[in-house]
Amino acid sequence: MSVLVLGGAGFIGRRLIPVLVKAGHDVTCMDVDITGGLEAFSPLGDKVKLIRGDVTQFDDVMGAVQDSCADRMVNLSYFIGTIAPHVAFKLDIQGMDNCFEAARRGGVKHTVFASSLAVSGQQAHFGERLVDETDERRGESQYAVNKIINEWQAFDYRRA
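Counting from 1, position 70 in the sequence shown corresponds to residue 70 in UniProt numbering; the numbering is continuous, with no gaps.
Put into structure tokens, the structure is as follows:
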């Protein structure tokens, strides 16, 4: 199986990619800054292909899909901070849309993105009971709302 990991040189990607390689997958990592990946993945030798690219640029994502011949894609590119809402929107919403659209056009069978507990909001909304993915979304930050929008995008692309 061939897996394209977008934002793969980041915190989660540096932990996920070695697991994918160990499981025998062909892995391509695309990140806007691959320097972190160069160091993190050097023990893996040539088992990880690194591509410099920006998920906010559709052509970068589509090119990575085509170059990697990926049948699976994982998008870990995300802006977490609250200082630059415009940047967060562009990366989190437009970037995710670019991933879904490139996956659709490129024949990627499965696309995964990391959602967050933040989509549920504060536990106080739910009392003492456990919260799960069937509960109403009550995100209270741009980060949480962007993750909720990504979930809607995923549902729409699944039907497309």
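Backbone N, C-alpha and C fix where the C-beta goes; we use that ideal spot for every residue, glycine too.
Checklist line | Chain-order list of residues whose beta-carbon lies under 6 Å from that of residue 95 (same chain, five-residue window excluded) | finding: Residue numbering aside, residue 95 sits at position 95 when the sequence shown is read from its first letter. Answer for residue 95: 55, 56 and 77, listed in chain order.
Next item on the list: Write down the C-beta distance between residue 113 and residue 157 rounded to the nearest angstrom, noting that I regard them as a contact closer than 8 Å.
Entry: As a working note, residue 113 is residue 113 in the sequence shown. As a working note, residue 157 is residue 157 in the sequence shown. Rounded, the Cβ-Cβ distance is 11 Å, inconsistent with contact.
Margin query: Less than 6 Å between C-beta atoms, sequence neighbours within five positions excluded: which residues of the same chain meet that for residue 20?
Written below: For the purposes of this step, residue 20 is taken as residue 20 along the sequence shown, with counting starting at 1. Excluding sequence neighbours, residue 20 sits near 3 and 27.
Check: Which ranges would you report for the alpha helix (DSSP H) in the stretch 31-106 if only whole runs of at least 4 residues count?
Finding: 35-41, 58-68, 85-89 and 95-106
Next item on the list: Express the C-alpha separation of residue 16 and residue 122 in angstroms, rounding to a whole number.
Entry: Residue 122 sits at position 122 when you count from the first residue of the sequence shown. Residue 16 sits at position 16 when you count from the first residue of the sequence shown. Each residue's alpha carbon lies about 28 Å from the other.
Checklist line | Nearest-angstrom beta carbon gap, residue 48 and residue 106 [assumed within contact, 8 Å] | finding: For the purposes of this step, residue 106 is taken as residue 106 along the sequence shown, with counting starting at 1. For the purposes of this step, residue 48 is taken as residue 48 along the sequence shown, with counting starting at 1. Residue 106 to residue 48, Cβ: 20 Å. No contact.
Margin query: Which residue marks the beginning of the beta strand (DSSP E) containing residue 4, and which one marks its end?
Written below: Within the sequence shown, residue 4 is the residue found at index 4, counting from 1. Note, residue 4: beta strand (DSSP E), 2-6.
Next item on the list: With a threshold of 16 other CB atoms inside 10 Å of the CB of residue 22, please say whether the residue is buried or exposed.
Entry: The count along the sequence shown starts at 1 and reaches residue 22 at position 22. Classification for residue 22: exposed.
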